[in-house]
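Peer 1: In the working numbering, the protein residues as written are 529 to 1491. Next up is a structure, given as structure tokens.
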């Protein structure tokens, strides 16, 4: 998006006539490096065609379409003429806004300038301005785009009352990224305001990022307090930007069209909100002008509308923009219509149809410009008109995202745009289309099978296997088959089925399940690629950082880790499968960084920090040198740590702290041992359950657990019992939909609802840890079983009763003999009651990820708040201190198995608090061991006390870094 800056403005210019002024404008563009000298001819040719005088003493000279080849870079230069210049059409000009545009970016400038045309005094103020900043401020106006379109409508929603409709609208705006959770909470708290005619309004101002209006209508007759409920508007208010949306609602009420809403489709609803009555005649016309509706064609359109002798309204057909008078130049320019977009004209009364025909003919003829036909199959109109222009990222400024995979990378960007699939919407032969779809599905499955065979790491293979299952989903195929029977092409029917399923997934309340929509689209694009024979562009042979809108898990699995130094995405979260795979492959990743990252130029150098969750485009020499030093230091430390990985984990003065590995797959136990792990501190057993279409039986579980125990060769295994629920569902164990699954039926709470499942798992763990026939009886296999999400001793006792009964039932020779039963400290209540628990459990393992989010009430995957979910917050540290003190008072040990355990600053703090074991990802084991050797116990205790004395996590980190 073009912006006006003070440095773009030249003050106190003088010119005897308009030609000299235009010469100065051309020279200014050339001196700024924006144009070649020949662009000057294009400026004069444009004036020969039509005056570029805009109004209120402003002219906007810009070149012809033919002169675009002389534009070196898009930009603007503003020239102030205090004495004024008489333009060739007789108008007095005090400011020239000279534009060099390579495409239609100048439309953004025109839209910003339309506001000055409503101020009759602006010409005088521009002429008298004494600073460049004043001129820029007078001309500039940030465009805040309020949102109302088909996506903000929830029509036919199954609600029991008006409040549920309001919450449905709020949830839709949150899902679209217009608001945060604070807005939803405010809507839940506020009373609805009756508007009359069966319409109600719910308004909120908290956590609003984009002003927007949602409308939810019921699927059947609904009443509230004796009054009919035909619809509930949910308005996200922000400053004055939402006022236009309120005016749209008032227009609807004035028209009396509310009665239509319960049965209306999205197109009709948007038309009524745009001010179009049911009696209005409408016509569509496509903009064919190469640069869209800039000033010259906009003037021609306004003139054509005024000649018709009756009011004509116009709006963009896409989206939900308001209809404006086609006789108003400022309103027409402010539409920002680009080539390929359709305008919808409306008029009422006698002669309306003839008037609309005349205006549409003028548009089709090019509005005074030579135009070419628009081929929709080749020229897809890309951004919707109501999408706010995207600001490019500034150079050498950190841009935040969500930290998804640790590591630091410095490399050029390779920007991979989502592939474009061109295909016909309709096809004549349903039988042939079904054959093509079946063949594409088979080829897609074969590609996934090949990737599974090549996959490195269990997580990769498991997720890609899940994609194979998606391809065989009969409901997806049946939905596509129905579309084909209705006359759609195989491509169109398949993608509609995918989008419908993905959209339903995104509407789920929790982020973890919503992010699985990426898996559906990944599968869908694979099949669509086969059907359309689309190949992705080849990445460079040299190292690069991959930048893309979003990336599917199978795309991550294909990445060449020798060349891909990092991964940066506009969308996605830390719990998405692509992020999980990036961690498994050791690729630094920052996700959910917003669409501005897609403005990065290919080859532009980036610094990507997967630990802090940020990216820095075009870093300065100083910042790059600092990052290179950090990277070199990291690589040196990694090499030294790897050489010493088998040394005992202890502080500089010999204090032992066991360093174990977190695993999501038993097959990785041998790799963890090779990396120096002194045991497995967290085995996430739910991955075993998720990898099977039905509940794994006793024999299957024993075999899986024994694989890990065999690889550990006498090192301890800490296995967490099944930790699933609404956020991690199993297909064979349905859980009722919950508003907040993280506070619902999950972990030990869920397991105790089906104690037979928990009993089978405990039995399998105990039997898998029995000494092998070849092993001596006095060489036990240490087994530690921990229960997740325990809130108090009551839940522990319920599980322990099953555990102790199994110890009695299973012969000693057939089960583990060195076994302990403990609990995870993830819920603040468990830490606060640690003394009561410590008297009965064998050990504690602190899950700092959940403990932090529950203590601070912050979703650790929230794109805006995740940076504040810091385990070094003093409140979290005090809970860990309480847990350790209670455990040691009863002679029990304490481990930490969350991300905090591998945080460089946190390691000495945890040791100083008395933590006995640190369990980290297998890749981090050598580094954590190396970190322990850098301090002694006394220093660790001093750092722990220093951290506890701070008031915020930021203060903790600052204090520790200074120390």
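Heads up, the beta-carbon is just placed ideally off N, CA and C, and yes, glycines get one too.
Can you tell me which of the three DSSP states residue 734 falls into?
Peer 2: Here residue 734 corresponds to residue number 206 of the chain shown, with the count starting at 1. The answer is coil: DSSP assigns residue 734 none of H, G, I, E or B.
Peer 1: May I have the straight-line CA-CA distance separating residue 1135 from residue 929, to the nearest angstrom?
Peer 2: Counted from its first residue, the chain shown places residue 1135 at position 607. Counted from its first residue, the chain shown places residue 929 at position 401. Taking the straight line joining both Cα atoms gives about 13 angstroms.
Peer 1: Closer than 8 angstroms is the cut-off here; do at least three beta carbon pairs connect the stretch 608–617 with the stretch 556–570?
Peer 2: no
Peer 1: Are the beta-carbon atoms of residue 674 and residue 739 separated by less than 8 angstroms?
Peer 2: Reading the chain shown from its first residue, position 146 is the one you call residue 674. Reading the chain shown from its first residue, position 211 is the one you call residue 739. In this structure, residue 739 lies closer than 8 angstroms to residue 674 by Cβ.
Peer 1: Report the rounded CA-to-CA distance for residue 927 versus residue 921, giving the unit in angstroms.
Peer 2: For the purposes of this step, residue 927 is identified with residue 399 of the chain shown, where counting begins at 1. For the purposes of this step, residue 921 is identified with residue 393 of the chain shown, where counting begins at 1. C-alpha separation (whole angstroms): 8 angstroms.
Peer 1: What distance in whole Å lies between the Cβ atoms of residue 1209 and residue 1423, which are believed to be in contact at a cut-off of 8 angstroms?
Peer 2: For the purposes of this step, residue 1423 is taken as the residue at position 895 of the chain shown. For the purposes of this step, residue 1209 is taken as the residue at position 681 of the chain shown. That belief holds up - the Cβ atoms of residue 1423 and residue 1209 are roughly 6 angstroms apart, short of 8 angstroms.
Peer 1: Could you give the distance in angstroms between the alpha-carbon of residue 548 and the alpha-carbon of residue 572?
Peer 2: Here residue 548 refers to the residue found at position 20 of the chain shown. Here residue 572 refers to the residue found at position 44 of the chain shown. Their Cα atoms are separated by approximately 11 angstroms.
Peer 1: Can you tell me where the alpha helix (DSSP H) with residue 605 in it begins and where it stops?
Peer 2: Here residue 605 is taken as the residue at index 77 of the chain shown, counted from 1. Per DSSP, residue 605 belongs to no alpha helix (DSSP H); it is in the beta strand (DSSP E), 603–614.
Peer 1: Looking at the secondary structure, which residues open and close the beta strand (DSSP E) in which residue 773 lies?
Peer 2: As a position in the chain shown, residue 773 is number 245, starting the count at 1. Residue 773 -> not in any beta strand (DSSP E); alpha helix (DSSP H) instead, spanning 771–783.
Peer 1: Quick one, are the C-beta atoms of residue 1177 and residue 1187 less than 8 angstroms apart?
Peer 2: The count along the chain shown starts at 1 and reaches residue 1177 at position 649. The count along the chain shown starts at 1 and reaches residue 1187 at position 659. Cβ atoms of residue 1177 and residue 1187: closer than 8 angstroms.
Peer 1: State the start and end residues of the unbroken beta strand (DSSP E) segment that holds residue 759.
Peer 2: As a position in the chain shown, residue 759 is number 231, starting the count at 1. Per DSSP, residue 759 belongs to the beta strand (DSSP E) from 759–764.
Peer 1: For the 8 angstroms Cβ check, are there 3 or more pairs between the stretch 769–782 and the stretch 820–840?
Peer 2: no
Peer 1: According to DSSP, simplified to helix, strand and coil, what is residue 1072?
Peer 2: For the purposes of this step, residue 1072 is taken as the residue at position 544 of the chain shown. Residue 1072 falls in the strand class under three-state DSSP.
Peer 1: Please confirm whether residue 1279 and residue 1117 have their CB atoms less than 8 angstroms apart.
Peer 2: The residue you call residue 1279 lines up with position 751 of the chain shown. The residue you call residue 1117 lines up with position 589 of the chain shown. No, they are not a contact pair.
Peer 1: Hey, how far is the Cα of residue 1459 from the Cα of residue 603?
Peer 2: Locating residue 1459 in the chain shown gives position 931, counting from the first residue. Locating residue 603 in the chain shown gives position 75, counting from the first residue. Taking the straight line joining both Cα atoms gives about 51 angstroms.
Peer 1: Roughly how far, in whole angstroms, is the beta-carbon of residue 1212 from the beta-carbon of residue 1453, given that I think they are within contact range, below 8 angstroms?
Peer 2: Counted from its first residue, the chain shown places residue 1212 at position 684. Counted from its first residue, the chain shown places residue 1453 at position 925. Going by Cβ atoms, the distance from residue 1212 to residue 1453 rounds to 17 angstroms, so no, they are not a contact pair.
Peer 1: Check this for me: beta carbons of residue 1015 and residue 964, under 8 angstroms apart or not?
Peer 2: Locating residue 1015 in the chain shown gives position 487, where the first residue counts as 1. Locating residue 964 in the chain shown gives position 436, where the first residue counts as 1. Taking 8 angstroms as the Cβ cut-off, residue 1015 and residue 964 do not qualify as a contacting pair.
Peer 1: Which residue's Cα is closest to the Cα of residue 747: 758, 1383, 1326?
Peer 2: Counting from 1 along the chain shown, the entry for residue 747 is found at position 219. The residue with the shortest Cα to Cα distance from residue 747 is 758.
Peer 1: Specify whether the stretch 1427–1445 and the stretch 1157–1166 touch according to this definition: at least 3 beta carbon pairs, one from each stretch, less than 8 angstroms apart.
Peer 2: no
Peer 1: Could you check how far apart the C-beta atoms of residue 1245 and residue 1311 are, in whole angstroms? I think they sit under 8 angstroms.
Peer 2: Working through the chain shown from its first residue, we reach residue 1245 at position 717. Working through the chain shown from its first residue, we reach residue 1311 at position 783. Right, the Cβ-Cβ distance comes to about 6 angstroms (below 8 angstroms), so this counts as a contact.
Peer 1: Assess, as a yes-or-no matter, whether the stretch 1357–1372 is touched by the stretch 1313–1326 under the definition of 3 or more beta carbon pairs within less than 8 angstroms.
Peer 2: Using a Cβ-Cβ distance cut-off of 8 angstroms, the stretch 1313–1326 and the stretch 1357–1372 are in contact, since at least three pairs of beta carbons, one from each stretch, lie closer than that value.
Peer 1: If the criterion is Cβ atoms closer than 8 angstroms, does the pair residue 574 and residue 590 meet it?
Peer 2: Your numbering for residue 574 matches position 46 in the chain shown. Your numbering for residue 590 matches position 62 in the chain shown. In contact: residue 574 and residue 590 (Cβ atoms closer than 8 angstroms).
Peer 1: My understanding is that residue 1404 touches residue 1380, with C-beta atoms under 8 angstroms, so please give their C-beta distance in whole angstroms.
Peer 2: Stepping through the chain shown from its first residue, residue 1404 is reached at position 876. Stepping through the chain shown from its first residue, residue 1380 is reached at position 852. Their Cβ separation, rounded to whole angstroms, is 5 angstroms, which keeps residue 1404 and residue 1380 in contact under 8 angstroms.
Peer 1: Would you kindly check if the distance between the Cβ of residue 1338 and the Cβ of residue 1296 is under 8 angstroms?
Peer 2: Counting from 1 along the chain shown, the entry for residue 1296 is found at position 768. Counting from 1 along the chain shown, the entry for residue 1338 is found at position 810. No, the Cβ-Cβ distance between residue 1296 and residue 1338 is not below 8 angstroms.
Peer 1: Return the CA-CA distance between residue 1275 and residue 1290, expressed in angstroms with no decimal places.
Peer 2: For the purposes of this step, residue 1275 is identified with residue 747 of the chain shown, where counting begins at 1. For the purposes of this step, residue 1290 is identified with residue 762 of the chain shown, where counting begins at 1. So the two alpha carbons sit approximately 14 angstroms from each other.
Peer 1: Determine the direct distance from the alpha carbon of residue 1206 to that of residue 1468, and round the result to whole angstroms.
Peer 2: In the chain shown, residue 1468 corresponds to position 940, counting from 1. In the chain shown, residue 1206 corresponds to position 678, counting from 1. Cα-Cα distance, rounded: 22 angstroms.
Peer 1: Just the Cα atoms here: how many angstroms apart are residue 625 and residue 815?
Peer 2: Taking the chain shown and counting its residues from 1, the one referred to as residue 625 is at position 97. Taking the chain shown and counting its residues from 1, the one referred to as residue 815 is at position 287. One C-alpha to the other measures close to 25 angstroms.
Peer 1: Is it true that the CB of residue 808 sits closer than 8 angstroms to the CB of residue 892?
Peer 2: If you number the chain shown from 1, residue 892 lands on position 364. If you number the chain shown from 1, residue 808 lands on position 280. Against a cut-off of 8 angstroms, the Cβ pair of residue 808 and residue 892 comes out as no contact.
Peer 1: Please classify residue 1330: does DSSP put it in a helix, a strand, or coil?
Peer 2: Numbered from its first residue, the chain shown carries residue 1330 at position 802. If DSSP states are grouped into helix, strand and coil, residue 1330 belongs with the helices.
Peer 1: Look at the alpha carbon of residue 678 and the alpha carbon of residue 689, and state the distance between them as a whole number of angstroms.
Peer 2: For the purposes of this step, residue 678 is identified with residue 150 of the chain shown, where counting begins at 1. For the purposes of this step, residue 689 is identified with residue 161 of the chain shown, where counting begins at 1. Taking the straight line from one Cα to the other gives about 23 angstroms.
Peer 1: What separation, rounded to the nearest whole angstrom, lies between the Cα atoms of residue 667 and residue 834?
Peer 2: Within the chain shown, numbered from 1, the residue matching residue 667 stands at position 139. Within the chain shown, numbered from 1, the residue matching residue 834 stands at position 306. Spanning the two alpha carbons is a distance of roughly 28 angstroms.
Peer 1: Give me the Cβ distance between residue 940 and residue 1132, rounded to the nearest whole Å; I'm assuming they're in contact under 8 angstroms.
Peer 2: Numbered from its first residue, the chain shown carries residue 940 at position 412. Numbered from its first residue, the chain shown carries residue 1132 at position 604. Confirmed, Cβ separation roughly 7 angstroms.
Peer 1: Taking a contact to mean a Cβ-Cβ separation below 8 angstroms, would you say residue 693 touches residue 628 in this structure?
Peer 2: Mapped onto the chain shown, residue 693 falls at position 165. Mapped onto the chain shown, residue 628 falls at position 100. Taking C-beta atoms as the reference points, residue 693 and residue 628 fail to come closer than 8 angstroms.
Peer 1: Note down the Cα distance separating residue 691 from residue 756, rounded to an integer number of angstroms.
Peer 2: One-based indexing of the chain shown puts residue 691 at position 163. One-based indexing of the chain shown puts residue 756 at position 228. Looking at the two C-alpha atoms, the distance is approximately 13 angstroms.
Peer 1: Please report the distance separating the alpha-carbon of residue 884 from that of residue 1049.
Peer 2: Numbered from its first residue, the chain shown carries residue 884 at position 356. Numbered from its first residue, the chain shown carries residue 1049 at position 521. CA-to-CA, the gap between residue 884 and residue 1049 works out to about 41 angstroms.
Peer 1: How far does the beta strand (DSSP E) with residue 1421 in it extend, from its first residue to its last?
Peer 2: Taking the first residue of the chain shown as position 1, residue 1421 is located at position 893. Looking at the DSSP string, the run of the beta strand (DSSP E) that includes residue 1421 is 1421–1424.
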